[in-house]
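Residue numbers (the numbering used here), protein chains in the order written: chain A, 60 to 296; chain B, 460 to 629. Yeah, the Cβ is synthetic: ideal placement off N, Cα and C, and Gly gets one too. What you are looking at is a predicted structure, and each value in this text was computed from that prediction instead of being measured.
Here it is in structure tokens:
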């Protein structure tokens with residue numbers, strides 16, 4: 060290995076053991092270059108080692124445990140929801156209406172429920188700071204103290220990302236899927252897959268509410284409104 | 460060991476590296492957590508695809524890269540400057556050392572993704588150039604060029620030098 064090859068190898072992978080022997084053969088300048096390169100690598104490794112959030116591993120394991128707990132029913136529910144969404148869409152078509160964006164989003168939202176059925180069983184309240192952080196990642200500000208959520212997650216729903224919320228009400232849990240800056244819809248109530256579904260234009264996008272009954276939809280809309288959600292100028296990610 | 464227990468051990472083994480890799484892809488803590496969680500869920504659902512345990516980490520990192528691209532790349536305009544991002548690090552020994560680490564982090568965030576990604580795979584993933592080449596679908600020679608240029612660009616940024624001469628050897 061000549062000195063040019065040595066310098067190139069230092070920039071590709073200075074941890075290589077063969078560089079020790081090569082530097083011994085090439086002399087002091089090479090040895091100094093090797094020391095510098097490895098010192099730089101230590102700085103680089105320290106910078107890359109960003110702190111991992113507290114209890115991150117435990118949260119991953121808990122999420123996997125939920126996944127396993129619902130896997131079998133979900134498989135069945137997934138088929139059922141897909142069929143139900145198709146039936147709902149077919150019904151719309153059969154009635155002669157166009158399969159507009161509102162109906163399609165309602166069908167996607169209905170199908171998504173089967174992906175996270177455990178969300179409906181949560182009873183503890185989501186902490187306000189977590190609500191505010193999660194909304195912020197979606198490009199939204201909100202007063203988390205005013206929003207009594209029992210579940211909150213960012214979820215892929217077909218080609219979109221939604222804020223998936225669940226609010227427990229007297230008549231049972233109400234799911235709210237919020238698509239800020241996305242999915243233009245008209246206000247509409249419908250039944251799909253045996254569920255009440257409401258679409259509402261919201262925050263330059265859409266809010267879809269789902270529950271066994273539409274009885275609590277107005278109350279959930281009011282609770283969300285009272286928490287003053289608003290778009291942040293920078294947008295979401 | 461049961462299927463679930465083996466997978467949980469797999470989670471524990473790589474969770475920190477997976478998070479750090481996702482963090483440097485996304486340059487955002489919340490996004491990194493979302494990506495890693497979704498990647499592990501996908502890995503669990505398709506665990507039967509993994510026949511070679513030695514390839515588990517590469518497999519996980521590939522899922523993270525795809526998940527990051529799928530969920531977020533099309534949603535967020537690329538931001539190549541994270542000078543405003545200060546990462547809290549309670550383990551830092553001194554203010555001076557912290558400043559150096561933060562300067563390096565700023566520099567890492569500023570180099571182009573095509574150079575940063577192979578470097579992350581090398582330093583966080585611990586993969587060889589040949590393994591990185593397989594993951595990225597490029598040649599090992601191209602990987603060597605990219606990690607070479609990544610280091611050169613970092614050094615230039617840290618010395619506030621113009622980056623025009625980084626192709627000197629490659």
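### Message
With DSSP as the reference, identify every bridge partner of residue 214/A, one or two as the case may be.
### Response
Under DSSP, residue 214/A shares a beta bridge with 221/A.
### Near-chain A residues of the segment 464-483 of chain B - C-beta to any C-beta below 8 Å
Cβ contacts with chain A come from 466, 467, 470, 471, 474, 475, 478, 479, 482 and 483.
### Message
Can you give me the C-alpha to C-alpha distance between residue 241/A and residue 499/B, rounded to a whole angstrom?
### Response
Their backbone Cα atoms lie some 27 Å apart in a straight line.
### Query
Around the C-beta of residue 465/B, are 16 or more other C-beta atoms found within 10 angstroms, so that it is buried, or is it exposed?
Of the residues assessed, residue 465/B falls on the exposed side of the cut-off, its CB having fewer than 16 other CB atoms within 10 angstroms.
### Message
Taking contact to mean 3 or more Cβ pairs, one atom from each stretch, closer than 8 Å, check whether the segment 205-224 of chain A and the segment 252-263 of chain A are in contact.
### Response
Judged by Cβ distances under 8 Å, the segment 205-224 of chain A makes no contact with the segment 252-263 of chain A, as fewer than three pairs qualify.
### Message
Please report whether the beta-carbon of residue 106/A lies at a distance below 7 Å from any beta-carbon of chain B.
### Response
It does: the Cβ of residue 106/A has a partner Cβ on chain B nearer than 7 Å.
### Task
Below 6 Å CB to CB, which residues in the same chain sit around residue 537/B once its five sequence neighbours on both sides are set aside?
Confidence is the limiting factor: at residue 537/B the pLDDT is only 44, short of 50, which leaves the residue's position unreliable, though a coordinate-based value still follows. Taking residue 537/B as the centre and dropping the five residues before and after it, the same chain places no C-beta closer than 6 Å to its C-beta.
### Message
On the CB-based measure, 16 or more other CB atoms within 10 Å of its CB, does residue 204/A come out buried or exposed?
### Response
Taking all protein chains in view, the Cβ of residue 204/A is surrounded by fewer than 16 other Cβ atoms within 10 Å, so the residue is classified as exposed.
### Query
Using Cβ-Cβ distances below 9 Å, what residues of the segment 567-598 of chain B are close to chain A?
If the cut-off is 9 Å between Cβ atoms, the segment 567-598 of chain B has 567, 578, 579, 581, 582, 583, 587 and 588 near chain A.
### Query
Given a limit of 8 Å on CB to CB distance, which residues of the segment 70-81 of chain A reach chain B?
Taking 8 Å as the Cβ-Cβ cut-off against chain B, the residues of the segment 70-81 of chain A that qualify are 70, 71 and 72.
### Task
Could you name the residues of the same chain whose beta carbon sits closer than 7 Å to that of residue 480/B, not counting the 5 residues immediately before and after it, in chain order?
The beta carbon of residue 480/B sits closer than 7 Å to the beta carbons of 520, 523, 579, 583 and 584 from its chain, once the five residues preceding and following it are set aside; these are given in chain order.
### Task
Check residue 478/B in the structure and name its three-state DSSP category.
Helix.
### Query
Where do the ends of the beta strand (DSSP E) carrying residue 232/A lie?
In the DSSP annotation of this structure, the continuous segment of the beta strand (DSSP E) that includes residue 232/A starts and ends at 231-238.
### Task
Pull up the DSSP beta-bridge partners for residue 248/A, would you.
DSSP lists 257/A as partners of residue 248/A.
### Task
Could you list the residues in the segment 217-234 of chain A with a C-beta less than 8 Å from some C-beta on chain B, going in chain order?
With the criterion set as a beta carbon lying under 8 Å from some beta carbon of chain B, the members of the segment 217-234 of chain A are 220, in sequence order.
### Straight-line Cα distance separating residue 527/B from residue 95/A
So the alpha carbons of these two residues sit roughly 34 Å apart.
### Task
Report yes or no: is there a C-beta of chain B within less than 7 Å of the C-beta of residue 123/A?
At a cut-off of 7 Å between beta carbons, residue 123/A contacts chain B.
### Query
So is residue 616/B in contact with chain A if we call contact Cβ pairs under 7 Å?
Chain A contact via Cβ: absent.
### Partner residues on chain A for residue 494/B, Cβ-Cβ distance less than 8 Å
What residue 494/B touches in chain A: nothing, since even the nearest Cβ is about 11 Å away.
### According to DSSP, residues forming a beta bridge with residue 569/B
Paired residue(s): none; residue 569/B is not in a bridge.
### Query
Which term fits residue 62/A, buried or exposed, when burial requires 16 or more other beta carbons within 10 angstroms of its beta carbon?
Taking all protein chains shown into account, residue 62/A has fewer than 16 neighbouring C-beta atoms within 10 Å of its C-beta and is therefore exposed.
#### Entry: Buried or exposed by the 16-neighbour rule on C-beta atoms within 10 Å, applied to residue 610/B
Residue 610/B is buried by the Cβ-count criterion.
### Query
Is residue 182/A close to chain B, meaning its C-beta is less than 7 Å from at least one C-beta of that chain?
False, the Cβ-Cβ gap to chain B never drops below 7 Å.
### Message
Would residue 564/B pass as an interface residue toward chain A - the criterion being a Cβ-Cβ separation below 7 Å?
### Response
So yes, residue 564/B belongs to the interface.
### Task
For residue 593/B, collect the residues of the same chain with a Cβ closer than 8 Å to its Cβ; drop the 5 residues on either side in sequence, then sort them by chain order.
When the five nearest sequence neighbours on each side are left out, the beta carbons in the same chain lying within less than 8 Å of the beta carbon of residue 593/B are those of 517, in order along the chain.
### Query
Excluding five sequence neighbours on each side, which residues of the same chain lie with their C-beta closer than 7 Å to the C-beta of residue 469/B?
Sequence-distant partners of residue 469/B (beyond 5 residues in either direction) whose C-beta falls short of 7 Å from its own C-beta, in its chain, are 515.
### Message
Just verifying my parser: in three-state terms, what is the DSSP assignment at residue 270/A?
### Response
DSSP, read as helix, strand or coil, puts residue 270/A in strand.
### Message
So, does the segment 274-290 of chain A touch the segment 194-208 of chain A, judging by three or more C-beta pairs under 8 Å?
### Response
Output reads yes: the segment 194-208 of chain A touches the segment 274-290 of chain A.
### Query
Straight-line CA distance for residue 106/A to residue 70/A?
Each residue's Cα considered, the two are about 18 Å apart.
### Task
Using three-state DSSP, classify residue 203/A as helix, strand or coil.
Residue 203/A: helix per DSSP, three-state reduction.
### Task
Would you kindly work out how many angstroms separate the C-alpha atoms of residue 463/B and residue 476/B, rounded to a whole number?
In this structure, the alpha-carbon of residue 463/B lies about 21 Å from that of residue 476/B.
### Query
If the cut is a Cβ gap below 8 Å, which residues of chain A does residue 607/B touch?
Simply 67, 70 and 71.
### Query
So what's residue 286/A in DSSP terms, helix, strand or just coil?
DSSP places residue 286/A in coil when its eight states are reduced to three.
### Task
Put residue 528/B into one of helix, strand or coil per three-state DSSP.
Taken through DSSP and simplified to helix, strand or coil, residue 528/B comes out as helix.
#### Entry: Through-space distance from residue 169/A to residue 252/A, alpha-carbon basis
Their Cα atoms are separated by approximately 7 Å.
### Query
By DSSP, does residue 108/A sit in helix, in strand, or in coil?
In the structure shown, residue 108/A sits in coil (DSSP, three-state: anything other than H, G, I, E or B).
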